[in-house]
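Undergrad: Let me give you the structure first, and then I'll get to my questions.
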Amino acid sequence: MTNPPGRPLTLNDLPLAELYAARLDGQVFQIADSWCVIDEIDGCDTRAIAAGQLVPPRAIAEQLTAAWIYGVTPEPRRHQFCVLIGARATTVWSARASVREIVRTPDDVHTISGVRVTTPLRTAVDLARYAVSPPAMSPSTTSELSALLARLLHYGQYPDVSAAIRLCKRGSPAHSALAVARFTAVSTPLFALRQQGCARRTAG
């Protein structure tokens, strides 16, 4: 089975039955609605390309999908995308994806292998704003969200939560207060990640 390096296989390459058979034979693994040959690295670029197959080119991967592309959380069951208000591109190509219209600045988005993705900072702020509200969350889920926000800020090389809090306050007050409150719980896990990184560099 041949395929250009870094480009996941889709139904345009092989019928679904053949792709499933190849997966059973251990030749490919599934990623979003695409498949990668088994010796392909499951990395940031590959995940971005696979996510981009779910939606039109104007869509921007955000929230859990962006976090997954960065490798800091497992692949979500339903992928999350946004488009700029007025883009008129809310059609999705997969039942596993949803698209919402929203305002974004150029600083909120960058491109990975041709796919637009919200930055780690923007992704963290969006998750802090729009994840399930605390009354519906168990203590373990709240802790998991704090850990995820910390991993995103650490991935983006932010030493603390100050940049995230500043960005939170630029948005709707209804969501900003919740997001700021959530980031107050992120300092401890973020500090722990920084310490682990320092320890690995020292050991190396």
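Start counting the sequence shown at 786; every next residue gets the next number (this note's numbering). Using N, Cα and C, we set each Cβ at its ideal position, and we do this for glycine too.
For D911 versus T904, is the C-beta distance shorter than 8 Å?
TA: In this structure, T904 does not lie closer than 8 Å to D911 by Cβ.
Undergrad: Name the one or two DSSP bridge partners that Q865 has.
TA: In the DSSP output, where bridge partners are listed per residue, Q865 has S883.
Undergrad: Tell me which same chain residues have a C-beta within less than 8 Å of the C-beta of I897, skipping the five on either side of it?
TA: C829, D830, A833 and I854
Undergrad: Please name the residue or residues paired with W820 in a DSSP beta bridge.
TA: L794 and Q815
Undergrad: Helix or strand or just coil, what does DSSP make of T896?
TA: strand
Undergrad: So, are the CB atoms of A962 and A913 less than 8 Å apart?
TA: In this structure, A913 does not lie closer than 8 Å to A962 by Cβ.
Undergrad: What is the rounded straight-line gap between the Cα of A772 and the Cα of S879?
TA: The structure shown does not extend to residue 772, since the chain is modelled only from 786 to 989, so the question has no answer here.
Undergrad: Kindly identify the DSSP beta-bridge partner or partners of T903.
TA: Here T903 is bridged, per DSSP, to V894.
Undergrad: Answer yes or no: do A916 and L975 have a C-beta to C-beta separation smaller than 8 Å?
TA: When the beta-carbon positions are compared, A916 and L975 stay at least 8 Å from each other.
Undergrad: Should H895 and V888 be called a contact, given that it needs their Cβ atoms to be closer than 8 Å?
TA: Not in contact: H895 and V888 (Cβ atoms no closer than 8 Å).
Undergrad: Between the Cα of R843 and the Cα atoms of L869, S928, V822 and L906, which residue gives the shortest distance?
TA: L869
Undergrad: Between which two residues does the alpha helix (DSSP H) carrying A959 extend?
TA: Membership of A959 in the alpha helix (DSSP H) is indicated by the continuous run P958 to F968.
Undergrad: Are the CB atoms of C867 and R881 within a distance shorter than 8 Å?
TA: No, Cβ-Cβ distance for R881 and C867 is not below 8 Å.
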